[in-house]
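Here the structure is laid out as structure tokens; the discussion comes afterwards.
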Amino acid sequence: MENPISLLDLEAQYETIKVEIKEAINQVLESQSFIMGDFVKQFEKEVSDYCKSEHTFGCASGSDALLLALMAINIQPGDYVITSPFTFFATAGAVSRLGAIPIFIDIEADSFNIDPNKVREFLEGKDQLSKRLKIDQKKIKAIIPVHLYGQSAEMNPILNLADEFDLKVIEDAAQSIGTKYDNKLVGNLGDFGCFSFFPSKNLGAYGDAGLITVKNPELAKRVDILRLHGASPKYHHKYVGINSRLDAIQAAILSVKLKYLDEWSENRRTIAKSYNTLFEEVGLVQESAPSCFDNCLCFGQDDCELLDSKIILPKETTGQESEGGRHIYHQYTIRVKNRDRIQDQLNKEGIGSSVYYPLPLHIQECFSNLGYKAEDCPRAVCASNQALSLPIYPELKEDQIKKVVNTIAKALN
């Protein structure tokens, strides 16, 4: 196929930094120190300086970072944790692994992130879901807002709710290192920030890797111990912890890449603006979200107000620079009716795309015992039928962006 366009091209990124990467890996090999050690400490300090966080700990993955945060606040079987149904499975999976129960609250129509107004309605017992589930409010211990696609959730009202209802805030910042909200970097707003360095992330390792930031010094000490089997000192186990150590090679690689993160993020923002402009020029943009998004019951199907010939562009709800935000566009995600037909056309033209996420968590089979119905989170179901992520990475060229836009225009028309 002539000149295919990948959803993500890591080879192009590697070509620009491979000399530094090889040198960093060789330094680890020469040291023969592969688990934790000085390279990990150096990277932890660099991220701490970058995020302005007090306590920073490398771990094995973003999934483990979430688990460590929940363990640190002593989440027990039967406790409840509020989160979004429109996210990667690990967000709720960490809750369930501890025997706790996720509470799924619907997303905002425009941002794809959890809706603080819906959270309040639930906590105050004013919505039908809270009345049906009959959850003991005292057992709700935390909320995990997800900064999806590289844009912050609406954190100020979430933090206010946490204060009011005595909840811990665990930020799922897996897709959003470098994202800003109210002139602050995410991951340092709540009690914990959980980052993933999976290779496809904006700051990606060459394998699994993660990191957790902690505000409270006592909780920080606990996280540090928990990631090392709960041992303090070695072979003396204060807690039942887990093995979640960051490899030195991954830390060294990430230290190289961190220097370029802001530049790469700015390139992504530029590419997103190019997409927006080109979609506007070919007349494909629906200016505002359909009114049905507010209380969607059609789930993105044939009777949706989203027209066949139009798309809805990503909206910067908290990512506008003029308001102290920054959307780092881990994904550039449009909404379009007949999404699968559009994706098929992209595939035929050799253009990568992906659906994040095709089935919301509240209607996943593994959570069927929790008693949720699709209509409990209608916006999430609607988004799962319409969301389509297009190629975006710092090295993407203007002619490639035009090809993506023109292919979608052809498919729609």
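Position in the sequence shown (first residue = 1) + 136 = this note's numbering. Even for Gly, the Cβ is constructed at its ideal location relative to N, Cα and C.
Distance between T349 and L548, taken at the CA atoms: about 44 Å. Here P238 is bridged, per DSSP, to V217. Per DSSP, V491 lies in no beta strand (DSSP E) segment and is marked neither H nor E.
Contact annotation: L362 and M172 have beta-carbon atoms that are not nearer than 9 Å. Two segments are said to touch when three or more pairs of C-beta atoms, one from each, lie closer than 8 Å; by this definition the stretch 522-539 does not touch the stretch 253-265. Taking 8 Å as the upper bound for CB-CB distance, S288 and Y317 are in contact here, some 4 Å apart.
C-alpha of K546 to C-alpha of R477: approximately 12 Å in a straight line. Scanning its chain for C-beta atoms nearer than 6 Å, with the 5 sequence neighbours on each side dropped, one finds around H373 the residues G366, A367, in chain order. At the C-beta level, F331 and G323 come within 9 Å of one another. In this chain, K277 is not harboured by any alpha helix (DSSP H); it is covered by the beta strand (DSSP E) spanning 276-280.
When DSSP states are grouped into helix, strand and coil, A310 belongs to the coil group. Secondary structure of K337 (DSSP, three-state): coil.
Linking D383 to D360 through their CA atoms gives a straight-line distance of about 15 Å.
The beta carbons of H466 and Y285 sit about 6 Å from each other, so the pair counts as a contact at 8 Å. Partner residues in the beta bridge of I448, as assigned by DSSP, are R471.
DSSP places L347 within a strand segment (E or B) once states are collapsed to three. For F331, no alpha helix (DSSP H) encloses it; the enclosing beta strand (DSSP E) starts and ends at 328-332.
Note that the C-beta distance between Q481 and I544 is below 9 Å. Between V472 and L442, the C-beta spacing is below 9 Å. Note on the stretch 342-411: whole alpha helix (DSSP H) runs with a minimum of 4 residues are 353-362, 384-394, in chain order. With the rule of 3 Cβ pairs closer than 8 Å, the stretch 268-282 counts as touching the stretch 199-218.
Leaving aside the five residues that flank D200 on each side, the residues in its chain whose CB is nearer than 6 Å to its CB run, in chain order, G346, S380. Judged by DSSP in its simplified three-state form, I141 adopts strand. Here G194 really is in contact with E180; their C-beta atoms are around 6 Å apart, less than 8 Å. Taking the Cα of V517 as reference, the smallest distance to any Cα among V541, K484, Y492 is reached at Y492.
In the DSSP assignment, S504 falls outside any alpha helix (DSSP H), carrying neither H nor E.
Counting only residues of its own chain and dropping the five nearest sequence neighbours on each side, E452 has a CB closer than 6 Å to the CB of H463. Counted as a single uninterrupted DSSP element, the stretch harbouring T152 is not any beta strand (DSSP E) but the alpha helix (DSSP H) occupying residues 146-167. By the neighbour-count definition (other C-beta atoms within 10 Å, threshold 16), N338 is a buried residue. Here DSSP, grouped into helix, strand and coil, assigns A523 to strand.
Excluding sequence positions up to five before and after C187, its CB lies within less than 8 Å of the CB of I313, L321, G323, N324, G329, T349, all in the same chain and listed in chain order. Relative to the Cα of S232, the nearest Cα in the group E166, V305, C502 belongs to C502. Annotated three-state conformation of H191 is strand, per DSSP. One alpha carbon belongs to T152, the other to N352, and they sit about 39 Å apart.
Annotation for S458: no alpha helix (DSSP H) segment contains it, and DSSP assigns it neither H nor E.
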